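Visitor: If you scroll down you'll find the structure; I have some questions about it.
In the UniProt record's numbering, the protein residues as written are 1 to 646.
What follows is the structure in structure tokens.
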């Protein structure tokens with residue numbers, strides 16, 4: 001039936017039943033509006049005037065009213081069919097057209113081609129076909145029909161690994177009792193690989209006992225496929241491709257570096273090297289104690305004062321306390337006080353202990369030895385080695401005391417005095433220290449290299465070296481690895497040409513500062529005897545009945561040879577007297593009066609503080625209160641005697 005040349009009016013007359021079927025379909029879903037819209041964009045534009053459109057809208061049969069408008073304009077069936085095709089009304093077009101076999105006019109892609117989609121992106125495929133009756137669509141995934149995907153466009157949101165596979169579209173049409181099917185090209189869709197990222201890695205150092213089982217685990221973040229492979233050194237461990245490497249019954253041969261590599265088509269990424277150390281010794285003993293002695297010399301009598309040492313050892317004290325060290329923090333010691341303190345310290349510390357000693361102050365190097373300068377050291381032109389403390393003296397004391405491990409940190413200059421500036425020291429012979437071969441491991445840390453200076457940062461409350469080392473000390477790693485990493489980082493961040501730290505080590509390669517100690521009750525009692533402090537004292541002014549409270553703390557909360565006394569009498573004129581006179585005094589007023597007593601190590605007898613206040617109601621105008629502090633904190637160590645009196 002070819003009606004293309006027939007006028008619509010003739011079509012209505014010759015085929016009334018078919019005509020009204022067409023009208024009914026045009027009325028469905030207001031399809032007539034689509035035809036009006038298509039008229040305005042037709043090759044011969046026709047814009048119906050508003051009153052005509054209103055007439056069509058108000059009609060009982062808008063479709064028939066619209067066809068009447070086309071009949072008036074002598075429209076043929078062929079032109080009408082072209083309009084129907086332009087506005088997509090193929091169901092109407094089918095009624096008045098010969099069947100047209102299916103043809104795919106737009107493929108989703110080349111046959112058997114590959115598409116790569118980023119994880120979570122949307123997949124978009126399109127297949128367009130033409131034919132009458134109009135085609136029906138069905139999309140397939142791996143030869144299985146996708147439910148509810150029956151349009152020419154396939155959109156799959158949030159594409160992921162489980163959606164990878166082959167996609168194609170089936171197109172069908174029904175002509176009378178026959179069904180015709182054709183299929184689009186097949187498209188293979190994959191998730192585009194992204195670079196794997198390790199979000200969990202094994203520890204950098206692992207110390208394990210011989211015979212134990214060890215698990216090294218990783219966790220990878222990756223939105224695509226990847227593979228894992230464990231390596232020992234540069235050797236691939238065959239079959240070890242899971243996220244956990246299990247080493248059974250470890251032996252010395254298992255000691256070494258382990259890494260895991262994750263890779264896919266985007267590349268490969270390695271974990272950081274994990275150092276496994278197998279301790280073949282049976283039942284490694286805990287240290288009998290972990291004790292630290294920190295000394296800061298700032299207020300020198302004959303050479304330049306320093307500004308940051310006290311703050312440095314307070315910061316270091318906090319870090320060592322986190323590591324469960326028992327810390328003794330002192331400041332501004334003379335030559336005899338330093339030697340007596342070291343002698344007292346090594347008598348206090350039990351054999352088998354871990355010891356951390358830090359000195360921050362002035363120093364120098366002579367005859368291949370390093371010397372710590374006490375605050376009463378003579379001036380730059382006259383000081384000698386005998387006026388100072390040599391680092392080897394501490395090594396001797398540690399070995400003779402049969403310690404297990406000593407860390408000696410010296411934050412001081414190591415410049416060699418010039419003979420023309422100090423002729424005395426060039427004629428002096430370096431001291432000799434005799435000690436046995438004991439099992440004590442020694443690690444010396446120097447803030448600067450030989451013949452270099454160590455510097456303070458005037459803009460900071462801390463010195464450069466100690467502050468930097470404190471960022472690393474609390475890590476649960478071998479102390480050797482901590483020092484190497486910290487010194488390397490120091491050289492990268494600071495000017496290594498003028499200050500380059502270095503270390504010297506004798507054994508102790510497998511020691512961690514985080515190891516717990518097995519302390520005896522006797523040692524704990526000895527340590528706490530000079531570390532405890534009566535914090536509260538009553539101030540009783542007997543004549544006037546005035547009462548107040550004095551609160552005592554170690555200086556700045558840490559220093560044990562100075563004490564801060566807090567009391568609230570700022571509203572009264574006061575005079576404070578301290579006995580014995582060897583105790584120096586300073587004070588400042590903040591929310592309360594803070595009276596600081598320095599040099600507690602010099603006290604031979606109990607310390608008394610007398611506070612005298614002026615009162616107008618008292619006859620002589622004065623009243624007083626006396627506080628007996630006893631021998632507080634480090635005063636109990638009794639290190640006041642001259643070295644020659646030992």
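Note that the Cβ used here is the ideal one computed from N, Cα and C, for glycine as well. The structure displayed is predicted, hence computed values, not measured ones.
#1: How is residue 646 classed by DSSP in three states: helix, strand or coil?
#2: Go to residue 164, then tell me how far its alpha helix (DSSP H) extends in each direction, as first and last residue.
#3: Output yes or no for whether 7 Å exceeds the beta carbon distance between residue 219 and residue 199.
#4: If we count the other Cβ atoms within 10 Å of its Cβ and call it buried at 16 or more, is residue 12 buried or exposed?
#5: Would you identify the three-state DSSP class for residue 640, choosing helix, strand or coil?
#6: Looking at the structure shown, is residue 362 part of a helix, part of a strand, or coil, going by DSSP?
#7: Check for me: the alpha helix (DSSP H) holding residue 336 runs from which residue to which?
#8: Count the other CB atoms within 10 Å of the CB of residue 519; is the residue buried (16 or more) or exposed (fewer)?
#9: Spell out the partners DSSP gives residue 219 in its beta bridges.
#10: By alpha-carbon positions, which one of 321, 304, 376 and 325 ends up nearest to residue 338?
#11: Could you name the residues of the same chain whose beta carbon sits closer than 6 Å to that of residue 586, not counting the 5 residues immediately before and after it, in chain order?
#12: Determine which residues share a DSSP beta bridge with residue 468 and list them.
#13: Quick check for students: name the residue ranges of the alpha helix (DSSP H) that lie wholly in the segment 33-78, counting only runs of 4 or more.
#14: Only counting the same chain, and skipping five residues up and downstream in sequence, which positions put a Cβ closer than 6 Å to that of residue 282?
#15: Kindly identify the DSSP beta-bridge partner or partners of residue 463.
#16: Quick check on the DSSP output: what are the complete beta strand (DSSP E) runs of length 3 or more inside the segment 501-561, in order along the chain?
#17: Going by DSSP, name the residue or residues bridged to residue 181.
#18: Just to confirm the assignment: which complete beta strand (DSSP E) runs, minimum length 3, are found wholly within the segment 398-450?
#19: What do you reckon, are the CB atoms on residue 291 and residue 336 nearer than 7 Å?
#20: With a threshold of 8 Å on Cβ separation, who are the neighbours of residue 208 within its own chain once the five nearest residues in sequence on each side are excluded?
#21: Have a look at residue 145 and residue 229 and give me their C-alpha separation to the nearest angstrom.
#22: Using a threshold of 7 Å, state whether the C-beta atoms of residue 294 and residue 316 are closer than that.
#23: Please list the terminal residues of the continuous alpha helix (DSSP H) segment that includes residue 317.
#24: From this set, 297, 467, 128 and 395, which residue's C-alpha is nearest residue 435's C-alpha?
#25: Can you tell me where the beta strand (DSSP E) with residue 188 in it begins and where it stops?
#26: To the nearest angstrom, report how far apart residue 642 and residue 524 are at their CA atoms.
#27: Please state the DSSP three-state secondary structure of residue 295.
#28: If contacts are defined as beta-carbon pairs under 8 Å, then residue 351 and residue 401 qualify, I think. What distance do you get, rounded to the angstrom?
#29: So does the segment 100-116 actually touch the segment 25-35, counting three or more Cβ pairs closer than 8 Å?
#30: Can you give me the C-alpha to C-alpha distance between residue 382 and residue 298, rounded to a whole angstrom?
#31: Just checking: is the beta-carbon of residue 417 within a distance shorter than 7 Å of some beta-carbon in chain D?
#32: Going by beta carbon distance, what residues of the same chain come within less than 6 Å of residue 129, once the five residues before and after it are set aside?
#33: Assuming contact is defined by CB atoms lying nearer than 7 Å, are residue 193 and residue 165 in contact in what I supplied?
#34: Any idea if residue 310 is buried or exposed, counting beta-carbon neighbours within 10 angstroms, 16 or more meaning buried?
#35: In the structure shown, what three-state DSSP assignment does residue 300 receive?
#36: If you compare alpha carbons, which of 465, 415 and 474 is closest to residue 488?
Guide: According to the structure data:
#1: For the purposes of this step, residue 646 is taken as residue 646 along the chain shown, with counting starting at 1. With a pLDDT of 43 at residue 646, under the threshold of 50, the modelled position of that residue is not reliable, and the figure given next carries that caveat. Reduced to three states, the DSSP call for residue 646 is coil.
#2: Within the chain shown, numbered from 1, the residue matching residue 164 stands at position 164. Residue 164 -> no alpha helix (DSSP H), and no H or E assigned at all.
#3: Along the chain shown, read from residue 1 onward, the residue named residue 219 stands at position 219. Along the chain shown, read from residue 1 onward, the residue named residue 199 stands at position 199. Yes; because the gap between Cβ atoms is below 7 Å, this pair is in contact.
#4: What you label residue 12 is simply residue 12 of the chain shown in a count that begins at 1. Counting of Cβ neighbours within 10 angstroms places residue 12 among the buried residues, the total reaching 16 or more.
#5: Here residue 640 refers to the residue found at position 640 when the chain shown is read from its first residue. If DSSP states are grouped into helix, strand and coil, residue 640 belongs with coil.
#6: Stepping through the chain shown from its first residue, residue 362 is reached at position 362. Residue 362: coil per DSSP, three-state reduction.
#7: Taking the chain shown and counting its residues from 1, the one referred to as residue 336 is at position 336. Residues 335-348.
#8: Here residue 519 refers to the residue found at position 519 of the chain shown. The residue in question, residue 519, is buried, as its Cβ has 16 or more Cβ neighbours within 10 Å.
#9: Locating residue 219 in the chain shown gives position 219, counting from the first residue. 200.
#10: What you label residue 338 is simply residue 338 of the chain shown in a count that begins at 1. Taking only the C-alpha atoms, the option nearest residue 338 is 376.
#11: Taking the first residue of the chain shown as 1, we reach residue 586 at position 586. Hits under 6 Å: 596.
#12: One-based indexing of the chain shown puts residue 468 at position 468. According to DSSP, residue 468 bridges with nothing at all.
#13: 50-58 and 62-72
#14: Residue 282 sits at position 282 when you count from the first residue of the chain shown. A caution first: residue 282 carries a pLDDT of 48, below 50, which makes its placement in the model too unreliable to give a value.
#15: For the purposes of this step, residue 463 is taken as the residue at position 463 of the chain shown. Residue 463 is bridged to 456.
#16: 502-506, 536-541 and 546-555
#17: The count along the chain shown starts at 1 and reaches residue 181 at position 181. Note: residue 181 sits in a beta bridge opposite 172.
#18: 405-411 and 441-446
#19: The residue you call residue 291 lines up with position 291 of the chain shown. The residue you call residue 336 lines up with position 336 of the chain shown. Contact flag unset, no.
#20: The residue given as residue 208 occupies position 208 in the chain shown. Cβ within range, chain order: 214, 250, 276, 277, 278 and 279.
#21: Your numbering for residue 145 matches position 145 in the chain shown. Your numbering for residue 229 matches position 229 in the chain shown. Approximately 39 Å between the Cα atoms of the pair.
#22: Counted from its first residue, the chain shown places residue 294 at position 294. Counted from its first residue, the chain shown places residue 316 at position 316. Yes, the pair counts as a contact, with Cβ atoms nearer than the cut-off.
#23: Residue 317 sits at position 317 when you count from the first residue of the chain shown. Residues 309-322.
#24: To locate residue 435, count along the chain shown from 1; it is residue 435. Closest option to residue 435, Cα to Cα, is 395.
#25: The residue labelled residue 188 in the question sits at position 188 within the chain shown. It spans 187-191 - the beta strand (DSSP E) in which residue 188 sits, taken as one unbroken run.
#26: The sequence position of residue 642 within the chain shown is 642, counting from 1. The sequence position of residue 524 within the chain shown is 524, counting from 1. Going by the C-alpha atoms only, they are around 28 Å apart.
#27: Here residue 295 corresponds to residue number 295 of the chain shown, with the count starting at 1. Correct three-state label for residue 295: strand.
#28: Taking the chain shown and counting its residues from 1, the one referred to as residue 351 is at position 351. Taking the chain shown and counting its residues from 1, the one referred to as residue 401 is at position 401. Going by Cβ atoms, the distance from residue 351 to residue 401 rounds to 6 Å, so yes, they are a contact pair.
#29: no
#30: Counting from one through the chain shown, the residue named residue 382 turns up at place 382. Counting from one through the chain shown, the residue named residue 298 turns up at place 298. Cα to Cα, residue 382 sits roughly 20 Å from residue 298.
#31: Absent from the structure: chain D. Only one protein chain is present.
#32: Here the question's residue 129 lines up with position 129 in the chain shown. Around residue 129: 102, 104, 135 and 171.
#33: If you number the chain shown from 1, residue 193 lands on position 193. If you number the chain shown from 1, residue 165 lands on position 165. No; because the gap between Cβ atoms is not below 7 Å, this pair is not in contact.
#34: Looking up residue 310 in the chain shown gives position 310. Classification of residue 310: buried, given that the 10 Å Cβ count is 16 or more.
#35: Reading the chain shown from its first residue, position 300 is the one you call residue 300. Coil at residue 300, not helix or strand.
#36: Here residue 488 corresponds to residue number 488 of the chain shown, with the count starting at 1. Here the closest residue by C-alpha is 465.
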